[in-house]
Amino acid sequence: MSDVISRYFEAFHAGDIDGMLACLTDDIAHHVNEGKIRVGQEKFAEFCAHMARCYKEQLTDMVVFVNDDQTRAAAEFIVKGTYLETDEGLPEAKGQTYRLPAGSFFDLRDGKIARVTTYYNLSDWIAQVSAA
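1 is the number of the first residue of the sequence shown in full-length UniProt numbering; add one for each residue after it.
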């Protein structure tokens with residue numbers, strides 16, 4: 001596994017936004033699932049703060065793939081989470097738990113992450129939190 005990918009996910013699990021930012025290029029391109037592309041560390045930090053307020057998540061069953069020249073990587077995992085605070089346009093949060101397969105794709109440059117794109121099935125997530 002690429003060192004920077006390992007550090008990025010370790011920081012994620014620790015809730016360490018600054019640790020995550022240290023793994024990113026200044027011009028990070030963050031492709032949000034079913035959302036707009038956010039460019040720059042400031043936008044990434046805002047997104048992380050929003051996520052921490054609305055969701056508590058741990059990633060399990062992680063498998064990471066890195067190409068030979070360490071310029072691209074991918075990770076597949078299971079998101080185990082709790083919906084803490086209602087997110088705009090989504091069902092009401094009542095502490096529902098969810099389990100969701102997801103994946104992230106990365107561009108790597110100069111030992112840092114230059115792009116992160118994360119995908120998951122939003123319809124599956126909505127069904128899980130709506131049924132709880």
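Virtual Cβ for every residue (Gly too), placed ideally from N, Cα, C. A quick note: this is a predicted structure, and the numbers were derived from the prediction, not measured.
Rounded to a whole number of angstroms, what is the C-alpha to C-alpha distance between residue i and residue j?
i: C48; j: E10; result: 15 Å
i: N121; j: L100; result: 8 Å
i: M51; j: T86; result: 11 Å
i: E46; j: D69; result: 31 Å
Pick from the options: whose alpha carbon is nearest that of residue i?
i: G89; options: D3, G19, C54; result: C54
i: D27; options: D107, Y119, Y98; result: D107
i: Y119; options: V32, Q96, Y98; result: V32
i: K56; options: A93, R7, D3; result: A93
i: A131; options: V116, G15, G95, L59; result: G95
i: Q41; options: T86, A52, L21; result: L21
i: T82; options: D68, Q70, S6, T97; result: T97
Just to confirm the assignment, what range does the alpha helix (DSSP H) spanning residue i have?
i: K43; result: 41-54
Using the rule of at least 16 other Cβ atoms within 10 Å of the residue's Cβ for burial, across every protein chain shown, is residue i buried or exposed?
i: I126; result: exposed
i: I17; result: buried
Any heavy atom of the ligand SAM closer than 6 Å to the Cβ of residue i?
i: F9; result: For the ligand SAM, the structure offers nothing, since it holds no ligand at all.
In the DSSP assignment, the beta strand (DSSP E) including residue i goes from what residue to what residue?
i: L100; result: 97-109
i: A75; result: 72-83
Exercise. Quick check: the region 95-114 against the region 11-30, are there 3 or more CB pairs under 8 Å?
Worked result: These segments touch.
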